[in-house]
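Enquirer: Dropping the structure in here first, questions after.
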Amino acid sequence: MPTAVLTDRERTAVQAYLRLLHTVRAAFDGPPDGGRPPLVPPAVLAEAEDALSGAGLTGNEAEFFHLLRAWCPRP
């Protein structure tokens with residue numbers, strides 16, 4: 064299986080996306096009786112957007128998800 068070598072900016076984008084993904088999962092897995100809709104902090108969304116933009120991946124989802132799959136393959 065080929066290994067992808069990410070640039071620092073690409074790695075930052077993938078890590079920010081994974082943090083965003085984990086934050087969203089945690090929000091949806093929150094207490095069922097919380098009475099509030101899931102909320103993702105704006106800072107987490109901004110971090111992911113800035114990292115994607117910095118890596119030149121804004122609007123290029125196919126390339127980003129290719130990097131994500133190569134860097135973090137499913138078990």
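Positions in the sequence shown are counted from 1; adding 63 to them yields this note's numbering.
In this text, a Cβ means the ideal position worked out from N, Cα and C, and glycines have one as well.
Note that the coordinates shown come from a computational prediction; the quantities given were computed from them, not determined experimentally.
1) State the Cα-Cα distance for the pair Arg141 and Arg132, rounded to the nearest angstrom.
2) Look at Val107 and Arg82 and say whether their C-beta atoms are less than 8 Å apart.
3) Taking the CB atoms as reference points, tell me whether Ala79 and Ala125 lie closer together than 8 Å.
4) Short check: CB of Ala111 to CB of Leu102, under 8 Å?
5) Could you please give the first and the last residue of the uninterrupted alpha helix (DSSP H) stretch that includes Thr70?
6) Helix, strand or coil: which one does DSSP assign to Thr86?
7) Mapping the DSSP letters down to three states, classify Val103 as helix, strand or coil.
Expert: To lay it out plainly:
1) The structure shown does not extend to residue 141, since the chain is modelled only from 64 through 138, so no value can be given for it.
2) Along the sequence shown, one-based indexing puts residue 107 at 44. Along the sequence shown, one-based indexing puts residue 82 at 19. The answer is yes: Cβ separation under 8 Å.
3) In the sequence shown, the residue the question calls residue 79 occupies position 16. In the sequence shown, the residue the question calls residue 125 occupies position 62. No, they are not a contact pair.
4) What you label residue 111 is simply residue 48 of the sequence shown in a count that begins at 1. What you label residue 102 is simply residue 39 of the sequence shown in a count that begins at 1. It is not a contact, given that the beta carbons lie outside the stated cut-off.
5) Here residue 70 is taken as the residue at index 7 of the sequence shown, counted from 1. Premise fails: Thr70 is in no alpha helix (DSSP H) and is neither H nor E.
6) On the sequence shown, residue 86 is found 23 positions in, with the first residue counted as 1. Thr86: helix per DSSP, three-state reduction.
7) Translated into the one-based positions of the sequence shown, residue 103 becomes position 40. Coil at Val103, not helix or strand.
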